[in-house]
């Protein structure tokens with residue numbers, strides 16, 4: 055039972071490159087979230103999904119796109135990476151209870 | 087205005103002492119939930135405790151308790167008998183409109199707790 059996994063763990067991109075972060079869960083949770091964590095700013099919600107095939111914008115959605123084609127996977131895409139997107143990205147999932155379960159994080163550096 | 091405010095960027099506490107981490111929140115919604123998460127140096131986010139706005143009693147989970155003062159809009163985390171393993175970053179978070187399907191969490195900026203042997 056892996057819980058919530060994130061791929062990759064680390065990545066370095068050049069400005070303008072694109073990439074996709076994968077969040078996978080084996081807990082059959084309906085809700086999935088993408089956050090970014092920057093120093094001194096806590097976690098901020100980028101996008102979230104309340105079920106397969108649905109997505110919604112969070113607090114800081116600009117520059118990111120997401121897809122939830124399968125219930126167990128939530129993809130976060132950066133079409134044209136910018137240095138301002140250097141951050142640690144966390145995926146989280148939730149069932150009908152209140153607690154969110156977090157993945158281990160992906161450290162992304164954009165140069 | 088900040089929805090979640092954690093005014094202590096860092097705290098140093100002697101091992102075995104109790105520690106209180108402050109959190110104040112701002113919402114006009116009568117239905118909300120408050121969370122505390124721990125982030126050790128390894129980076130993962132660990133759920134500690136939850137308090138619903140309609141809960142009559144303060145939440146407790148082992149050595150963790152949440153001192154919920156609704157009128158003051160505060161939700162302080164109390165850790166009793168601190169241990170070296172409690173050294174970590176602690177985040178307070180809020181979910182508003184819990185009965186209307188709002189699933190979004192708003193986080194504070196965190197408090198870095200260091201336990202001194």
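Protein chains in written order, with the working numbering: chain A, 55 to 165; chain B, 87 to 203. For each residue, glycine too, the CB sits at the ideal point set by N, CA and C.
- Item | Simplified DSSP assignment, three categories, for residue 100 of chain B | Looking at residue 100 of chain B - three-state DSSP - the assignment turns out to be strand.
- Return helix, strand or coil for residue 131 of chain A, following the three-state DSSP convention. Correct three-state label for residue 131 of chain A: strand.
- Message: Whole angstroms are fine: how far does the CA of residue 156 of chain B sit from the CA of residue 114 of chain B?
- Response: Distance between the alpha carbons of residue 114 of chain B and residue 156 of chain B is about 12 Å.
- Message: For a contact defined as C-beta to C-beta under 8 Å, what are the partners of residue 196 of chain B on chain A?
- Response: In chain order: 96.
- Query: Can you list, in chain order, the residues of the region 130-164 of chain B whose Cβ is nearer than 7 Å to any Cβ on chain A?
  - Reply: The region 130-164 of chain B vs chain A, Cβ under 7 Å: 130, 131, 133 and 136.
- CB-CB under 6 Å to residue 125 of chain A, same chain, minus the five flanking residues each way: which ones, in chain order? Annotation for residue 125 of chain A: 106 place their beta carbon closer than 6 Å to its own, counting only its chain and skipping 5 residues before and after.
- Flag residue 125 of chain A as yes if its beta-carbon sits less than 8 Å from any beta-carbon of chain B, otherwise no. Among the residues facing chain B, residue 125 of chain A is not included, as its CB has no counterpart in that chain under 8 Å away.
- Task: Use the C-beta contact count for residue 82 of chain A: other C-beta atoms within 10 angstroms, 16 or more gives buried, fewer gives exposed.
- Result: Sixteen is the threshold: since fewer than 16 other Cβ atoms of the shown chains lie within 10 Å of the Cβ of residue 82 of chain A, the residue is exposed.
- Item | Near-chain B residues of the region 127-153 of chain A - C-beta to any C-beta below 8 Å | Taking 8 Å as the Cβ-Cβ cut-off against chain B, the residues of the region 127-153 of chain A that qualify are 142, 144, 146, 148, 152 and 153.
- Is the closest heavy atom of the ligand ZN to the C-beta of residue 122 of chain B under 7 Å? By its list of ligands, the structure shown contains no ligand whatsoever, and the ligand ZN lies outside what it can speak to.
- Just mark residue 134 of chain A as buried or exposed, buried being the case when its beta carbon has 16 or more other beta carbons within 10 Å. So residue 134 of chain A ends up on the exposed side.
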